[in-house]
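A short write-up of the structure that comes next.
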Amino acid sequence: MTTAPARVRARLSSRTASLAALLIALLWTTPTVGLLLSSFRPEDQIKTTGWWTFFSAPVLTLENYQEVLFGTSSSSGQLASFLLNSIVITIPSVLFPLAFAAFAAYALAWLPFRGRDWIYIGIFALQVVPLQMALVPLLSFFSEGVEVFGLQLMPAWNLEGTGRFVQVWCAHTCFALPLGVFLLHNFMSELPHELMEAARVDGATHGTIFRRIVLPLVAPALASFAIFQFLWVWNDLLVGLIFGGGTAESAPMTVRLAQMAGTKGNEWQRLTAGAFVSVIIPLVVFLSMQRYFVRGLLAGSVKG
Amino acid sequence: MDLDFDLAAESPKLIQLVIGVVAFLAVVGLVLLLLDRAPMRSRARLHAAILLAPAVVLLAVGLVIPAVRTTLLSFMSGDGTAFVGLDNYAWMFTQPEAVTVLRNTLVWVVLVPLLVTAIGLVYAVIVDRARFESLAKSLLFLPMAISFVGAGIIWKFVYAYRPEGVDQIGLLNQVVVWLGGEPRQWLLDPPLNTLFLIVVMVWIQAGFATVVLSAAIKGIPADIVEAAKLDGAGAAQMFFRVTLPSIRPAVIVVLVTQSIGTLKLFDIVRTMTGGQFDTSVIANEMYNQAFRYGETGKGAALAVFLFVLVTPIVIYQIRSRRALR
């Protein structure tokens, strides 16, 4: 049995440990709490006193949210418009890579054809390429088309206004595919061989096998990839900035917030409310589907 | 205050969204239709071609060809017309402003993985089997859902500055004042400002490390822990002799993943300082050169350098991931 001093030491160390945990937890939550609380305080209070003084004179208002979302002056956020853009960007940018990656993963896992391993290795290796490598040429691909030795192979897309969304969807889909194929291939290739054989003997086509057998079985993997892609697209700044332009016509919310943080860095009433609007949707999705997210995380699906 | 949200003016966006979703359904329907039409007796090659076509075409057009073109552009002048050899790379390694960028990136990529892993590990060990374990882990994990832009604003607010004598609105300066110090503009003075940006990244990523390492700690066989306890191992011994060696693969995964993410970091710097005050990093400078200054060649050279830095780490990551299975 342990001796008395050892027990005292153990209790002491467990107490310091709890204290350390509490400290870390506090450090990690306080900044967010401060922002959230501030976003409900009147403008003059945010700008003159710290949010920790709130409790001495509590005044709450929704004015900041009204202004940042729906204000019409150019200096207000007009965030409602950008919020809509984020939604319009995100939905197809999740759907397309999900479907294309599932198709490709099925073919690579279950169809015997020559060169299969090479294609798989090729797609797999593309995870190495940072998207920075693709930005400049991909943008000129959209704006100038393809020209080889003076021969116009493909005309410029010349996307204007809401058409820019198409650019953003394409870019997000391309950048998501290597990880998506890799992740779904991992899950699909682990399905039992007998199952596929039995279905094929029964005369099922690949379309039927894919829809009726494979998709339901890999649904958890699809869910975790979908959450990753959703969070990635919703929170992305770089792709939105380059392919979505900078205006309320087609740029996502992150682009607007980054602009506001740069040019109106001291308009805290708008920044705090705006930041919270952008944070709340992924937070809800994340909390409600945390199980799948963690599973995907542990399966090694971290995008670079 | 004038409030307005004109739904009619926004409707083209919704139409665009509908077009996108319809296009999605059409493409998926077409692939499945072709797949069903292709006779089952024909060779797998045809089916495979139908299924692989969308992904392979998009990857070729959106990633492979652009990456090759970027590599070529890195040997060209700013406007992409004249061949300049290695000039862009020489600029990157010799000009003071570019060297600062490389130095900052180095600081980031050394500090972030180490701090994230250390904090995540300590926290995972402490809260392991504690009463509020899942709540405690969620608290650290939540910033993972927040965009880097959002996190940048949250922390910019923490660092906010008001001159001495006036009420502080930023928490950090208030703490400094409470402790009897002078408020400072944390994000303006190099080289410390880079550290204050790094704090934001660590804040976001520590939850990732906690979750991965906590899962690994739970995977340590109970009999090993029991045996060590019977042998009278103390907390420290337990940690260094049992826990750490057992979860080594997971620690490596965290370190490596964080290095890759940090190398490509863009949003935090862009949101909080815009790369001014000597805080720029490779990804941010690449954006500035290529898209703001029109120096495509220099931007491309930075992208290629990023690629060269990331490649060995990703290869190592894939190997260690396999070891984790």
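Residue numbers (this note's numbering), protein chains in the order written: chain A, 1 to 304; chain B, 1001 to 1325. All C-beta atoms in this analysis are idealised placements derived from N, C-alpha and C, irrespective of residue type, glycine included.
* Neighbouring residues, chain A, relative to F1307(B) (Cβ below 9 Å) -> Against F1307(B), the close residues of chain A are V128, V129, P130, Q132 and M133, in the order they occur along the chain (beta-carbon pairs closer than 9 Å).
* Residue interval of the alpha helix (DSSP H) (run including R291(A)) -> Q290 to L298
* Asked: Residues of chain C with CB under 7 Å from E1010(B), in chain order?
  -> The question asks about chain C, but that chain is absent: this structure's protein chains are A and B.
* To do: Could you check what DSSP says for F1024(B) in three-state terms: helix, strand or coil?
  => In this structure, F1024(B) counts as helix in the three-state DSSP scheme.
* In its own chain, which residues sit with a C-beta less than 7 Å from the C-beta of V1256(B), not counting the 5 before and 5 after it? -> Within the same chain, V1256(B) has close Cβ partners I1313, Y1316, Q1317 and S1320.
* **Under 8 Å by beta carbon: chain B residues contacting P42(A)** => Here the premise fails: no neighbours, minimum Cβ distance about 13 Å.
* To do: Closer than 8 Å by C-beta to A1228(B): which residues in its own chain qualify, once you throw out the five before and the five after it? Chain order, please.
  => Around A1228(B), the same chain offers Q1237, M1238, R1241 and V1242 as residues with beta carbons nearer than 8 Å, after the five sequence neighbours per side are excluded.
* **Short Cβ contact (8 Å threshold) for L297(A) with V1212(B)** => yes
* Inspect the beta-carbon positions of Q1205(B) and V1310(B) and report whether they are closer than 8 Å. => no
* How about T254(A) and L237(A): are their beta carbons less than 8 Å apart? -> yes
* Alpha-carbon spacing of L183(A) relative to P192(A), whole angstroms -> 17 Å
* Asked: Using DSSP with H/G/I as helix, E/B as strand and the rest coil, what is S1083(B)?
  -> The amino acid at residue 1083(B) is misidentified as Ser; the sequence shows Phe. Strand.
* Asked: Is the shortest distance between the beta-carbon of A1290(B) and the beta-carbons of chain A less than 8 Å?
  -> yes
* Could you list the residues in the region 1053-1067 of chain B with a C-beta less than 9 Å from some C-beta on chain A, going in chain order? => When CB distances to chain A are screened at a threshold of 9 Å, the residues of the region 1053-1067 of chain B falling below it are A1053, P1054, A1055, V1056, L1058, L1059, V1061, G1062, L1063, V1064, I1065, P1066 and A1067, in chain order.
* Asked: Helix, strand or coil for G71(A) per DSSP?
  -> G71(A): strand per DSSP, three-state reduction.
* **8 Å Cβ cutoff met for D1278(B) and P1183(B)** => Cβ atoms of D1278(B) and P1183(B): not closer than 8 Å.
* Asked: If you drop the 5 nearest sequence neighbours on each side, which residues of the same chain put their C-beta closer than 8 Å to that of Y1287(B)?
  -> F1266, R1270 and G1299
* To do: May I ask whether a heavy atom of the ligand PLP can be found less than 7 Å away from the beta carbon of A1290(B)?
  => Ligands in the displayed structure: none, and consequently the ligand PLP is not present.
* Assigned exposure category for V201(A) - 16 Cβ within 10 Å defines buried -> exposed
* **Terminal residues of the alpha helix (DSSP H) in which Y1293(B) lies** => Looking at the DSSP string, Y1293(B) is not in any alpha helix (DSSP H), and its letter there is neither H nor E.
* **Bridge partners - M1076(B), DSSP secondary structure assignment** => F1083(B)
* Kindly indicate if chain A contains any beta-carbon less than 8 Å away from that of M1001(B). => For M1001(B), the pLDDT reaches just 48, beneath the cut-off of 50, and the residue's location in the model is therefore unreliable, leaving the point undetermined.
* **Segment contact flag, the region 199-219 of chain A with the region 1030-1038 of chain B, C-beta cutoff 8 Å, min 3 pairs** => yes
* Limits of the alpha helix (DSSP H) - the one that E144(A) falls within -> Q132 to E144
* Asked: Just the Cα atoms here: how many angstroms apart are L1142(B) and S1259(B)?
  -> 21 Å
* Of all the CB atoms in chain B, is at least one closer than 8 Å to the CB of N64(A)? -> Not one chain B Cβ lies under 8 Å of N64(A).
* Applying a beta-carbon distance threshold of less than 9 Å, which residues of chain A neighbour I1169(B)? -> S38, I46, K47, T48, T49, G50, W51 and W268
* Simplified DSSP assignment, three categories, for G304(A) -> In this prediction, G304(A) scores a pLDDT of 39, lower than 50, which makes its location untrustworthy; the coordinate-derived value is nonetheless stated afterwards. Coil, per DSSP.
* To do: Using a Cβ-Cβ cut-off of 8 Å, state whether T1094(B) counts as contacting chain A.
  => no
* Asked: A1048(B) and L111(A) look like a contact to me (Cβ under 8 Å); what is the Cβ gap, rounded to whole Å?
  -> The beta-carbon distance between A1048(B) and L111(A), rounded to whole angstroms, is 4 Å. This is short enough to meet the 8 Å contact definition.
* Excluding the 5 residues preceding and the 5 following S189(A) in the sequence, name in chain order all residues of the same chain whose CB lies nearer than 7 Å to its CB. => A109
* Work out the CA separation of D117(A) and A1145(B) for me, nearest whole Å. => 35 Å
* Work out the CA separation of A105(A) and A199(A) for me, nearest whole Å. => C-alpha separation (whole angstroms): 18 Å.
* Contacting residues, own chain, Cβ-Cβ under 6 Å from Q269(A) (five flanking each side not counted) -> E43, I46 and N64
* Asked: Quick one: what does DSSP say P1190(B) is sitting in, helix, strand or coil?
  -> coil
* Asked: Which first and last residues belong to the alpha helix (DSSP H) in which R164(A) is found?
  -> R164 to M188
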